[in-house]
Amino acid sequence: MAAKKQKILCLCNGVSEKDILLILKRGAKNLEDVKKFTGAATGCGRCKSETEAIVEHFKKRKPIDLQTNIDF
Ligand code: FES
C-alpha cells in the first residue's frame with residue numbers, strides 16, 4: 009500500500025496541512041504561532057487565507073473529553 013501524499017499548503021516553505029495541524033495540536037494558538045513555528049504564510053502570502061482557515065476550524069472543534077477517551 010502506497011503512503012498517502014501530504015497536501016503541501018505553503019509552496020514557498022514546503023509546509024503541509026498535516027504540519028499545520030500538528031503544530032496546532034502541540035499548542036499553537038493562532039496564525040502568528042503557526043507562522044512562527046512552521047514558516048507557513050511567511051513568504052509570498054498566497055497560502056495565508058487557507059492557513060488561517062485551518063487555524064480557525066481547529067479552534068472551533070470540540071475539546072477532547074479526557075475523562076471518557078483514555079483507557080487505563
Ligand atoms: S505559498 Fe505560503 S508563503 Fe508563499
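What the sequence shown shows, in my numbering, is residues 9 to 80, in sequence order. Note that the Cβ used here is the ideal one computed from N, Cα and C, for glycine as well. All of these numbers come straight from a predicted model, not from anything done at the bench.
Residues in its own chain within less than 6 angstroms of Leu-30 by CB, not counting five upstream and five downstream? none
Measure the alpha-carbon distance for Glu-58 versus Lys-33 and round it to whole angstroms. 18 angstroms
query: Is the beta carbon of Gly-51 within less than 7 angstroms of some heavy atom of ligand 1?
result: yes
task = Reducing DSSP to helix, strand and coil, say where Leu-32 ends up.
result = helix
- Item | Extent of the continuous beta strand (DSSP E) to which Leu-17 belongs | 16-18
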